[in-house]
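Just so we're aligned, residue 1 is where the sequence shown starts under the UniProt record's numbering, counting upward by one. Built from N, CA and C at the ideal position, the CB exists for glycine as well. All values derive from a computational prediction rather than experimental measurement. In what follows, a structure is listed as structure tokens, so that the remarks can point back to it.
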Amino acid sequence: MAAQIDKVISELRDMVLSGALQPGERVVELQFSARLGVSRTPLRIALTELEKEGLLERLPSRGFRVRAFTVDEIGDAVEVRGVLEGMAARLLAERGASADVLEQLAQAVEEGRALLAPARRDPKATVDARAWGQINRRFHEILCEAAGNRALLSALEHNNKTPLAGPAALTLPSTPSQLETPFVLRAQSDHEDLLRAITRREAARAENLMREHAYRSRENKRVLLESLRGACRGRRCRSTARRPRTGPPA
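Shown next as structure tokens:
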């Protein structure tokens, strides 16, 4: 079931990011269950996950709708996230992280290092995008929550409602290309540098590292989105994105 859910999430995410599904287009369970050849249970889980990523919004009646967003809006929100998370990193380094927090951050870093070891040895190796996304999200959440600033967490929660703005949001397909793998390797390296700075209580360095980390994320997402949309144009995705309805609108 888990593998099937991951596959559905990846397919739907690529449809949205590539433009095959247009802003405002409805995603109704019954129709997309038949379209993707899956039961409604994994589809429902996948739709909820993409809602969390900000790519879909739940309709009051039934189903979901593709959220409208631009690459610039994503970039602006990621930049703001960098400022907020930079502040969190600085606060944590200034106040001193507890042994428990440092252990949790170190565990996330070690899991990331182990996951990416094959890609470091072989540039052609692929990365489990979903596993990396979970590790990445956990690292950022631990760091920000440990900063102990409720207003900061509230601002982050609001900002990360923008599609692809949060650390949980992925632009990676299930099997990343060689274009994407270097981005993930650099992100892992950033996490290792951040952990060292926080451990050594180097507040200014921790803040700068986090801001640079977000800046790279912004540029990476821009490149990946343009690549996806360019590939979709080459395949004429929009000509096949909409299929005739088999029943009345839900």
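By the three-class DSSP mapping on this structure, what secondary structure does residue i have?
i, result
"Gly-21", "The sequence as given places Leu at residue 21; Gly does not occur at that position. Coil at Leu-21, not helix or strand."
"Arg-200", "coil"
"Val-184", "helix"
"Val-27", "strand"
"Val-109", "helix"
"residue 252", "Nothing about residue 252 can be read from this structure; the chain reaches only from 1 to 250."
"Asp-193", "helix"
"Ala-125", "coil"
"Met-1", "coil"
"Arg-218", "helix"
"Asn-149", "coil"
"Ala-7", "With the sequence shown as reference, residue 7 is identified as Lys, and Ala is not the correct amino acid for it. Helix, per DSSP."
"Asn-160", "coil"
Is it true that the CB of residue j sits closer than 8 Å to the CB of residue i?
i, j, result
"Pro-23", "Ala-68", "yes"
"Leu-43", "Val-8", "yes"
"Ala-197", "Ala-206", "yes"
"Arg-229", "Ser-18", "yes"
"Val-109", "Val-184", "no"
"residue 251", "Ala-89", "An answer regarding residue 251 cannot be provided, because it is not within the stretch 1 to 250 covered by the chain."
"Leu-84", "Pro-163", "no"
"Gln-188", "Leu-116", "yes"
"Ala-3", "Val-78", "no"
"Ile-5", "Ile-45", "yes"
"Ala-125", "Ala-131", "no"
"Gly-86", "Arg-26", "no"
"Leu-21", "Val-66", "yes"
"Ile-142", "Leu-105", "yes"
"Glu-57", "Leu-36", "no"
"Arg-186", "Arg-216", "yes"
Please classify residue i as buried or exposed, where buried requires at least 16 neighbouring CB atoms within 10 angstroms.
i, result
"Ser-39", "exposed"
"His-158", "exposed"
"Arg-121", "exposed"
"Asp-14", "buried"
"Thr-41", "exposed"
"Thr-48", "exposed"
"Arg-81", "buried"
"Met-210", "buried"
"Glu-103", "exposed"
"Glu-53", "buried"
"Thr-181", "buried"
"Gly-112", "buried"
"Ala-114", "exposed"
"Pro-167", "buried"
"Asn-160", "buried"
"Ala-146", "buried"
"Asn-129", "The amino acid at residue 129 is misidentified as Asn; the sequence shows Ala. When all chains shown are included, Ala-129 counts as buried."
"residue 261", "There is no way to answer for residue 261, as the model of the chain reaches only from 1 to 250."
"Thr-246", "The predicted model places Thr-246 with a pLDDT of 34, which falls under 50 and marks its position as unreliable; any figure quoted below should be read in that light. Exposed is the call here."
"Ala-34", "exposed"
- [ ] Can you check the segment 29-101 for any beta strand (DSSP E) of at least 3 residues that lies completely inside it and give the ranges in chain order?
- [x] 56-58, 64-66
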